[in-house]
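**Student:** Mind having a look at this structure? Questions to follow.
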Amino acid sequence: AVEMWPKMKKVKKEDKIEMIMLSCFMRFSQGILASVVVLLLVITTSDVIDIILNFTAVNFISGFDDVAFELAQWGKYGPRLEAEAKRIEDLPAPACIYRKYEDVRYRWTVLPIAVTLLTLLATVTYGQASTNFWLTKTLRIQFEDDTSYETYSGCYVINPNSTLNRMTEKRAVYNSYEKNPTFAQFGYCRADQKWYLHTANNLSACDLPEENKVAYSEKTYSFDIATSFEGSWSSQSGTPLELYFFQDEDILNEEQCDSFLGDGICNTNLNTPDYDFDSGDCCAVTCDEADCGLSTMKKAFDTDIGSGDGYPNCKDPSMVPITIYLNNIYREEALIVDQEGIFANAKPRDPLLIFDCEGDQGNNLLMVSIDVAMMNKTETVMVADGASCSIMIKNVTSEQIDIWFVDYTIYHGDKESIENDPIVITTGSSFEKEVTEFQRIPDCFITKLGDYVNKTTIYTGTDPSNQAINWLLGDSLGFSLCKRRNFIERYALAAMNFAAPVMEDRTKQTDTNTFGLWINERKQCAWRTVLCVDGMVSELDLGFASGIYLSGTMATEIGLLKNLRKLDMSYNYLSGTIPLEIEGWKKLEGLNIGVNKFTGAIPSEIAQLTSLQWLMINNNNFNGTIPTILAEMPSIKMLSMFANLFTGSLPDEIGSMSKLQ
Numbered sequence: 079a080v081e082m083w084p085k086m087k088k089v090k091k092e093d094k095i096e097m098i099m100l101s102c103f104m105r106f107s108q109g110i111l112a113s114v115v116v117l118l119l120v121i122t123t124s125d126v127i128d129i130i131l132n133f134t135a136v137n138f139i140s141g142f143d144d145v146a147f148e149l150a151q152w153g154k155y156g157p158r159l160e161a162e163a164k165r166i167e168d169l170p171a172p173a174c175i176y177r178k179y180e181d182v183r184y185r186w187t188v189l190p191i192a193v194t195l196l197t198l199l200a201t202v203t204y205g206q207a208s209t210n211f212w213l214t215k216t217l218r219i220q221f222e223d224d225t226s227y228e229t230y231s232g233c234y235v236i237n238p239n240s241t242l243n244r245m246t247e248k249r250a251v252y253n254s255y256e257k258n259p260t261f262a263q264f265g266y267c268r269a270d271q272k273w274y275l276h277t278a279n280n281l282s283a284c285d286l287p288e289e290n291k292v293a294y295s296e297k298t299y300s301f302d303i304a305t306s307f308e309g310s311w312s313s314q315s316g317t318p319l320e321l322y323f324f325q326d327e328d329i330l331n332e333e334q335c336d337s338f339l340g341d342g343i344c345n346t347n348l349n350t351p352d353y354d355f356d357s358g359d360c361c362a363v364t365c366d367e368a369d370c371g372l373s374t375m376k377k378a379f380d381t382d383i384g385s386g387d388g389y390p391n392c393k394d395p396s397m398v399p400i401t402i403y404l405n406n407i408y409r410e411e412a413l414i415v416d417q418e419g420i421f422a423n424a425k426p427r428d429p430l431l432i433f434d435c436e437g438d439q440g441n442n443l444l445m446v447s448i449d450v451a452m453m454n455k456t457e458t459v460m461v462a463d464g465a466s467c468s469i470m471i472k473n474v475t476s477e478q479i480d481i482w483f484v485d486y487t488i489y490h491g492d493k494e495s496i497e498n499d500p501i502v503i504t505t506g507s508s509f510e511k512e513v514t515e516f517q518r519i520p521d522c523f524i525t526k527l528g529d530y531v532n533k534t535t536i537y538t539g540t541d542p543s544n545q546a547i548n549w550l551l552g553d554s555l556g557f558s559l560c561k562r563r564n565f566i567e568r569y570a571l572a573a574m575n576f577a578a579p580v581m582e583d584r585t586k587q588t589d590t591n592t593f594g595l596w597i598n599e600r601k602q603c604a605w606r607t608v609l610c611v612d613g614m615v616s617e618l619d620l621g622f623a624s625g626i627y628l629s630g631t632m633a634t635e636i637g638l639l640k641n642l643r644k645l646d647m648s649y650n651y652l653s654g655t656i657p658l659e660i661e662g663w664k665k666l667e668g669l670n671i672g673v674n675k676f677t678g679a680i681p682s683e684i685a686q687l688t689s690l691q692w693l694m695i696n697n698n699n700f701n702g703t704i705p706t707i708l709a710e711m712p713s714i715k716m717l718s719m720f721a722n723l724f725t726g727s728l729p730d731e732i733g734s735m736s737k738l739q
């Protein structure tokens with residue numbers, strides 16, 4: 079490209095100087111790119127055979143233009159390109175590209191490029207040999223908790239005295255940080271092509287006694303230890319090890335290396351997903367040390383405090399929020415003590431608030447003294463989803479000193495959520511009761527049942543839907559977990575039960591319990607009143623054949639049984655109207671609610687039961703006219719409506735129901 083660059087003094091008018099310059103520029107770009115590729119291949123390829131193969135591939139690609147021109151000359155691309163290639167070959171070269179001394183520009187081109195490449199190669203070589211460049215200087219590893227290797231977790235720092243090892247093994251040595259529980263080193267054995275973690279104070283990893291070897295990497299040729307953690311590591315016995323590796327030296331500072339995972343102290347710099355949120359030290363449920371959460375609170379309810387126990391930095395996404403709101407802090411006038419002596423004029427004592435939940439490893443989730451300044455303020459704590467919790471606010475003292483009483487509200491969610499969509503779990507007053515217990519409803523309950531229940535009263539309501547949720551929460555066998563695909567069906571059956579429980583005078587003659595339940599903690603498909611197909615409720619027999627008599631109403635949740643094919647609730651004491659939600663029974667083939675006390679008109683939604691074959695609503699108190707829509711139901715074979723309070727005449731359309739048997 080340089081040799082053929084046109085000499086402007088010799089340019090003639092007919093010379094296509096722009097095309098000549100473009101050709102030279104493209105040749106020069108090709109040469110520079112090839113030189114850079116060669117340099118990168120030499121630097122990055124660790125095997126000589128791979129280098130040769132890569133060079134062959136580069137040379138093959140670089141020769142594509144020559145091969146293409148030669149093929150054109152042979153006529154492989156057709157006669158037109160063959161003729162053009164031969165014409166170009168016979169064209170005389172312009173005088174402006176001829177040189178009197180052809181070697182001058184050659185030397186001035188090759189020498190600078192050679193010097194540049196050799197300088198880069200020398201720089202790379204020096205960088206590889208130095209401990210100051212391209213090497214991990216500080217690393218941190220974390221072995222699995224509760225294993226014999228856990229004591230080797232921590233930071234490791236490059237040993238500045240490992241120059242000799244760099245000469246022999248071509249790798250650096252890393253010493254354990256001074257505050258690590260156990261001394262250890264990382265060293266590379268060139269003969270084995272492996273990194274070793276060992277306890278011998280020896281710079282050569284090839285001369286290690288077996289008893290000093292802790293772990294080793296798979297074979298690697300890379301110079302930096304960081305690349306070894308991309309593969310597997312094994313114990314001395316060959317067992318694969320589970321370990322985590324961190325090398326961000328901007329984060330691995332002295333403070334970070336002074337902190338250890340799982341020591342019961344929440345280190346904010348380790349409170350990240352990469353470190354499993356300081357191995358659980360920052361949340362009550364996951365911290366299992368004796369000192370978890372002690373004296374960590376300097377502020378509570380937006381008020382500065384001297385000290386308190388808690389977990390203000392719990393960020394684990396598996397934890398969920400509960401918010402405590404202090405409605406009122408007051409003195410009860412009727413209990414004010416006439417103080418004498420040393421207690422004269424003493425201020426009321428600040429009551430102690432203790433908040434605990436199951437699974438908090440015996441450590442208080444929150445323990446602070448209540449100050450009057452905390453009134454009308456909130457504090458959010460993070461608990462396990464579905465946890466059973468208790469809040470205690472002391473309401474007595476041992477001396478003749480008054481104490482502040484507290485009215486409070488417990489909310490489901492954080493401060494932001496209770497401002498936008500408040501869900502009250504419970505309310506309490508320390509004057510009336512010192513301890514209040516409750517259970518947080520799992521978030522998935524609210525997510526899956528949000529369309530069927532009133533979320534604002536999901537804790538405080540008393541209707542059958544709330545009773546059903548409480549029953550599901552009390553399931554100790556795990557069949558009411560909301561992740562199960564038939565969870566909605568189980569909720570619907572529970573709501574039906576509480577809307578229509580077993581009559582008390584009949585429970586002694588059945589296997590139901592004294593609480594009027596025809597449901598139990600076993601799988602619903604195992605209940606004697608239920609028949610399932612593919613794990614979903616297909617038939618529900620609560621009629622005469624079941625041996626139980628029900629009293630109550632038909633719950634609207636009955637429409638959630640989308641796979642129901644047969645429903646028998648005959649011979650009971652059910653009243654009220656038929657819920658409009660029956661329109662969801664697209665697969666229902668048989669409905670028998672005869673001999674009950676149902677009232678109201680037949681809902682028009684019954685016409686949407688397109689698969690219904692037999693309908694028995696006799697011996698009830700249905701009123702109004704017989705709806706003509708019954709004649710529009712295409713599959714009806716049996717229809718029983720006698721002994722009701724219908725008025726008017728029988729619709730003529732009934733006579734057109736040809737499938738009636």
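The numbering of the sequence shown is my numbering, which starts it at 79 and goes up by one.
Cβ coordinates follow ideal geometry from the N, Cα and C atoms, glycine included.
Measuring only the C-alpha atoms, how far is Leu119 from Asn132?
**Tutor:** Leu119 and Asn132 have their C-alpha atoms spaced approximately 7 angstroms apart.
**Student:** Give the straight-line distance between the Cα atoms of Thr590 and Glu567, rounded to the nearest whole angstrom.
**Tutor:** Because Thr590 carries a pLDDT of 47, less than 50, the predicted location of this residue cannot be relied on, and the following value inherits that uncertainty. Computed Cα separation, rounded: 20 angstroms.
**Student:** Smallest Cα separation from Arg185: which of Val80, Arg165, Val611 and Val292?
**Tutor:** Val80
**Student:** CB-CB under 6 angstroms to Asp387, same chain, minus the five flanking residues each way: which ones, in chain order?
**Tutor:** Gly371, Leu372, Asn442 and Met445
**Student:** Which value, in whole angstroms, describes the spacing of the CA atoms of Ile407 and Leu339?
**Tutor:** Going by the C-alpha atoms only, they are around 40 angstroms apart.
**Student:** Helix, strand or coil, according to DSSP, for Arg427 in the structure here?
**Tutor:** strand
**Student:** What's the C-alpha gap between Gly726 and Pro520?
**Tutor:** 52 angstroms
**Student:** Using a Cβ-Cβ cut-off of 6 angstroms (strictly less than) and excluding sequence neighbours within five positions of Gln587, which residues of its own chain qualify?
**Tutor:** Per-residue confidence for Gln587 stands at a pLDDT of 48, beneath the threshold of 50, marking its modelled position as unreliable; the derived number appears in the next sentence. Answer for Gln587: no residue qualifies.
**Student:** Measuring alpha carbon to alpha carbon, tell me which residue in Ala173, Asn698, Thr514 and Glu731 is nearest Lys472.
**Tutor:** Thr514
**Student:** Just to confirm my understanding: we take Val502, look at its own chain, exclude 5 residues before and 5 after, and list those with CB closer than 7 angstroms. What are they?
**Tutor:** The beta carbon of Val502 is closer than 7 angstroms to those of Thr487, Tyr489, Tyr537 and Thr538 in its chain, skipping five residues each way along the sequence.
**Student:** Run the CB neighbour count on Leu652, radius 10 Å, all protein chains shown included, and call it buried at 16 or more, exposed below.
**Tutor:** buried
**Student:** With burial defined as no fewer than 16 other Cβ atoms inside 10 Å of the residue's Cβ, what is the status of Glu308: buried or exposed?
**Tutor:** Here Glu308 is exposed: its Cβ has fewer than 16 other Cβ atoms, across all protein chains shown, within 10 Å.
**Student:** Consult DSSP for Tyr230 and reduce its assignment to one of helix, strand or coil.
**Tutor:** In the structure shown, Tyr230 sits in a helix (DSSP, three-state: H, G or I).
**Student:** Could you check if Met97 is buried or exposed, using at least 16 other CB atoms within 10 Å of its CB as the buried criterion?
**Tutor:** Result: exposed.
**Student:** Just to confirm, are Glu667 and Arg643 a CB contact at a threshold of 7 angstroms?
**Tutor:** Yes. Within cutoff.
**Student:** Does DSSP put Arg218 in a helix, in a strand, or in coil?
**Tutor:** strand
**Student:** Among the residues of its own chain, which have a CB less than 7 angstroms from the CB of Phe622, if the five just before and after it don't count?
**Tutor:** Around Phe622, the same chain offers Ser648 and Tyr649 as residues with beta carbons nearer than 7 angstroms, after the five sequence neighbours per side are excluded.
**Student:** In the structure shown, what three-state DSSP assignment does Asn674 receive?
**Tutor:** coil
**Student:** Please look up how many angstroms separate the CB atoms of Ala572 and Leu550, rounded, as I've assumed it's under 8 angstroms.
**Tutor:** 6 angstroms
**Student:** Does Asp492 come out as helix, strand or coil in the three-state DSSP assignment?
**Tutor:** coil
**Student:** Should Val459 go down as buried or exposed, given a rule of 16 or more other Cβ atoms within 10 Å for buried?
**Tutor:** buried
**Student:** Three-state secondary structure (DSSP) at Thr590?
**Tutor:** Its pLDDT being 47, under 50, Thr590 is placed unreliably by the model, and nothing is read from it.
**Student:** Secondary structure at Cys23, three-state DSSP: helix, strand or coil?
**Tutor:** Here the chain covers residues 79 to 739 and nothing more, so residue 23 does not appear.
**Student:** Counting only runs of 3+ residues fully inside the stretch 234–302, write out the beta strand (DSSP E) ranges in chain order.
**Tutor:** 252–254, 263–267, 272–276 and 291–295
**Student:** For Trp692, which of Asp646, Arg606 and Met453 has the nearest alpha-carbon?
**Tutor:** Asp646
**Student:** Can you tell which of Ala685, Asn670 and Ala192 has the C-alpha that lies nearest to the C-alpha of Glu661?
**Tutor:** Closest option to Glu661, Cα to Cα, is Ala685.
**Student:** Does Leu482 come out as helix, strand or coil in the three-state DSSP assignment?
**Tutor:** Reading off the sequence, residue 482 comes out as Trp, not Leu. Coil.
**Student:** What number of angstroms, rounded off, separates the C-alpha of Met86 from the C-alpha of Thr197?
**Tutor:** Rounded to the nearest angstrom, the two C-alpha atoms are 34 angstroms apart.
**Student:** Only counting the same chain, and skipping five residues up and downstream in sequence, which positions put a Cβ closer than 8 angstroms to that of Asn701?
**Tutor:** Thr677, Gly678, Ala679, Asn722, Leu723, Phe724 and Thr725
**Student:** Hey, how far is the Cα of Gly316 from the Cα of Trp273?
**Tutor:** 14 angstroms
**Student:** Based on the DSSP output, what are the partners of Cys360 in its beta bridges?
**Tutor:** None; Cys360 has no bridge partner.
**Student:** Counting pairs of Cβ atoms below 8 angstroms between the stretch 388–402 and the stretch 349–364, do you hit three or more?
**Tutor:** Yes, they touch.
**Student:** With a threshold of 16 other CB atoms inside 10 Å of the CB of Gln263, please say whether the residue is buried or exposed.
**Tutor:** buried
**Student:** For the alpha helix (DSSP H) holding Met452, just list the boundary residues, first then last.
**Tutor:** From DSSP, Met452 is part of no alpha helix (DSSP H); its letter is neither H nor E.
**Student:** Can you tell me whether Ile479 is buried or exposed? The criterion is at least 16 other CB atoms within 10 Å of its CB, across all chains shown.
**Tutor:** Exposed.
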